[in-house]
Amino acid sequence: MKTVTRTFCGLFALCLAAPVVAETVVNIAYLRQEIDRPPVLSNLDAVPEDEGIAGAFVGLADNITTGKFLGQTFTLDIRSVPVGGDLVATANEILVSTDLILIDAPSADMTQIVDLEAAKDTLFFNVSNYDDALRDDHCRANLLHTLPSYAMRSDALMQLLQSRRWTDLVMVSGTHEPDIAFANALRRSATKFGLRIRDEKEWVFDANMRRAASAEVPLFTQDFPNHDAMLVADETGDFARYLPFNTWEPVLLAGSEGAQPVAWSPVMEQWGGVQLQNRFEEYAGRSMRSVDYAAFAAIRTIGEAVTRTASDDASVLRDYILSPEFELGAFKGRPLSFRDWNGQMRQPIPVVHAHAVIAVPPMDGFLHPVNELDTLGIDKPESRCSAFTE
Amino acid sequence: MKKILIPALLAASPALSGEIWVTNEHDDTVSVIDTETYEVKRTIEVGERPRGITFSKDYSVVYICASDSDTVQVVDPNTGEILHDLPSGEDPEQFALHPDNRHLYIANEDDAIATVVDVETRKVVAQIDVGIEPEGMAISPDGLIAITTSETTNMAHWINTETHELFANTLVDSRPRHAEFTHDGSQLWVSSEIGGTVTVFNVADQSEIAKIRFEITGVHPDNIQPVGFEFTEDGKTVFVTLGPSNHVATINAKTFEVEDYILVGRRVWHMAFNDDNTELYTTNGVSGDVTVIDVASRTPIRTIKVGRFPWGAAFRPTE
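Going down the list, the sequences are from chains C and A.
Residues 1 to 390 (my numbering) make up the first sequence, in order.
Residues 1 to 319 (my numbering) make up the second sequence, in order.
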């Protein structure tokens, strides 16, 4: 055995004695356009004010700890624009000091910001928006997505239902924009995996209902044809909570209620998930949500790319993140990577209920020539996104 | 006895007997397997979420990381009685006992810290800042270097055991889980679970010598996740558990080539050899059992049911 050499550093080793003076400072911003949320029947699960932002800070702490061994450090600038505020002006302000931005905004705002002249060489991460169009015909070369799309979530759910052979379905959907988008994704996924949506109804009740929602549901669902499961598209959390045990037939619920396909849930405890949840809860005083996970994953993606490339240049980072070399370990049991044709982060989509994980699609038997994770969401041959190949 | 019925095994194993101690992460127990009868002869209740397990050099006590109890428990292996707890720092996951038989190096998974505890005075000697989610722990045979691997930071941290300071940090692939020095102390091996690789370092200058990859027909590469590994006594072969691929690989320690894949139970974590290195016991987390591998023929020969989510394994001679 050779003696320990304390001063000599090997060619490939990153030899740094503590304390380390940081040489590289990577500035990241979190840009949020606040929105007016529609009223819901129950406010039991209000959206936390720091949704997403808390996840970003937990990721930042991980990056800083890792970076301190490499002479790298990270900062996070939070900008939340109130309803009616000037998002573009705020964006232009932060674009002066950073070219790495997590963006949390409705679709139109998001594309407006990433298309700004000053944002040409900036790398954005969508952490809040499930909109399929942002990954498809409205995709942008400088916009990556760590949050899964509606299509990825609906594909995961349909894989589970198909695996269980619950293939005869009906659907109840709300009338808000996200409800419509999720319902569209569910229809597309049912076709993709050979399930049948036999009938659909819209939940359009307003105050004229003059009865509790729970009293209305049996009648509302009485004339549905026979079905194995009832899909619910209620992304704002308005009425779905009143469906279980109130339907005319005893029925399984899936979608926005019952079996829910999500990016993250407090019930995720496998693959080191407990450690992440513990860190998050200690920081935020609440459990981690999907948007928090997406923000965490975006910050960790940046951190991983900076660590591996030893660069803070957004274009170098983008190339590396989209390359086959990139892999992120992020508590979902397999390496996460990015689709180089539309910027979407590949990831398993857990389907959960309130107390446990049901399954983590891709389900066994759903095969793909390249990567089984690409059975979830819009795949390369059907993609209408061309920004990444130009 | 069962063993007499199997002539091949009888020939392979001398009469020495011993026990394999297995921590059951979700049962808060340790299953003690008799290596002669392949039966669980004792089940010992310990603290919450037991994971890492190791015996003192003279086998007079066994140390168990009770992760959710935030302690390392010291247990009398003869009686199964918990003698006392050691101050371990929060969420101890794995540890390594220094060759001096006195200092435990503990990875505190939730705290990004490695804790050094003197098992005699029961005092914390040092706490060292390391990367996020430290897990793997190893100490060089000469006792001069301690290694901890951090799962989220993706590094092996090289600790000088005299000063308790880091002198190097080497990047490995995603989610490093386990580290071991070769018997001669010249190499350090580190497994990366999500990266799917094992990295071999030259200890003298911390440079990377080799990166070993795995491939199993019919198993998706993402599911080949190296975790625990053990060197055979002669140092020629390394057995590596590959997690949810449900296989153990054998590597030629000289050429770094993968030689065999052995089918075991589901989500295989860690391993321990029996007394004379003729058999290897693997903990299979999801299937809740232990597979016994015949080392010479590299075939699985037994499955032993233990508690829920068996995690760590350690051998204890009984004669």
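Don't be surprised by glycine CBs; every beta carbon is placed ideally from N, CA and C.
### Query
Out of curiosity, what's the CA-to-CA distance linking N24/A and Q275/C?
19 Å
### Query
When you compare only the Cα positions, how much space is there between A13/C and D313/C?
Reliability of the predicted coordinates at A13/C is poor, the pLDDT of 43 falling under 50, and no value is obtained from them.
### Query
Going along the chain, which residues of the stretch 267-280 of chain C sit with their C-beta nearer than 8 Å to a C-beta in chain A?
G272, Q275, N278, R279
### Separation of G67/C from E23/C, as counted between CA atoms
10 Å
### Task
Anything in the stretch 118-137 of chain A with a Cβ closer than 8 Å to a Cβ of chain C? List those residues in chain order, please.
D129, G131, I132, E133
### Top-ranked residue by Cα proximity to E319/A, from D34/A, F309/A, M155/A, D28/A
D34/A
### Task
Taking only beta carbons into account, state which residues of the stretch 159-176 of chain A come closer than 7 Å to chain C, listed in chain order.
N160, E165, L166, F167, A168, N169, T170, L171, S174, R175
### Query
DSSP beta-bridge partners for I180/C?
I180/C is not bridged to any residue.
### Query
Using 8 Å as the limit for Cβ to Cβ distance, is I224/A near chain C?
no
### Cα-Cα separation between A297/C and T111/C, rounded to whole angstroms
21 Å
### Query
Taking Cβ to Cβ, would you say G80/A is nearer than 8 Å to E327/C?
no
### Task
Verify the CB distance criterion: does T152/A have a CB-CB separation below 8 Å to chain C?
yes
### Query
Does the Cβ-Cβ distance between L253/C and P244/C come in under 8 Å?
yes
### Query
Can you tell me whether DSSP reads D155/C as helix, strand or coil?
helix
#### Entry: Chain-ordered residues of the stretch 49-81 of chain C with a beta carbon less than 7 Å from chain A
D62, T65, T66, F69
### Query
In chain C, which residues lie less than 8 Å from D110/A when you measure between Cβ atoms?
Q275, N278, R279
### Message
Considering only their Cβ atoms, is the gap separating D319/C from F388/C smaller than 8 Å?
### Response
no
### Task
Please name the residue, chosen from I35/C, L41/C, L60/C, that lies closest to V25/C on a Cα-to-Cα basis.
L60/C
### Query
Is the stretch 109-122 of chain A touching the stretch 85-97 of chain A, taking contact as three or more C-beta pairs under 8 Å?
yes
### Query
If you draw a straight line from the C-alpha of V20/C to the C-alpha of W158/A, how long is it?
Here V20/C scores only 47 on pLDDT, less than 50, and its place in the model should not be relied on; the value that follows carries that caveat. So the alpha carbons of these two residues sit roughly 15 Å apart.
### Task
Look up H84/A in the DSSP assignment and give the residues it is bridged to.
V74/A
### Query
If you count every other CB in all the chains shown that lies within 10 Å of the CB of H355/C, and 16 or more means buried, which is it?
exposed
### Query
Closer than 8 Å, CB to CB, is R289/C near chain A or not?
no
### Query
Any idea which residues DSSP pairs E279/A with across the strands?
D294/A
#### Entry: Residues, ordered as in the chain, of the stretch 321-340 of chain C that lie near chain A by beta-carbon distance below 8 Å
E327, L328, G329, G333, R334, P335
### Message
Contact criterion: CB-CB distance below 8 Å. Does H220/A meet it with respect to chain C?
### Response
yes
### Query
What residues in its chain sit with their C-beta under 8 Å from that of N142/C, if we drop five residues either side in the sequence?
V114, A119, K120, D121, T122, L123, F124, R318
### Query
Hey, how far is the Cα of P250/C from the Cα of M230/C?
10 Å
### Query
Between E23/C and chain A, is there a C-beta pair that is closer than 8 Å?
no
#### Entry: CA nearest to the CA of V190/A, picked from D184/A, H183/A, V200/A, T182/A
V200/A
### Query
At what residues does the beta strand (DSSP E) containing P176/A begin and finish?
176-181
### Query
By how many angstroms is the C-alpha of V61/A removed from the C-alpha of I224/A?
35 Å
### Query
At which residue ranges does the stretch 66-118 of chain C contain complete beta strand (DSSP E) runs of 3 or more residues, listed in the order of the chain?
72-81, 100-104
### Message
Output needed for V370/C: all residues of its chain with C-beta closer than 7 Å, excluding positions within five of it in sequence on either side, in chain order.
### Response
none
### Query
Roughly how far, in whole angstroms, is the beta-carbon of F239/C from the beta-carbon of L70/C, given that I think they are within contact range, below 8 Å?
So it is not a contact: roughly 50 Å between Cβ atoms.
### Task
Quick one: list the residues of chain C neighbouring G195/A, beta-carbon separation under 8 Å, in chain order.
E327, G329, P335
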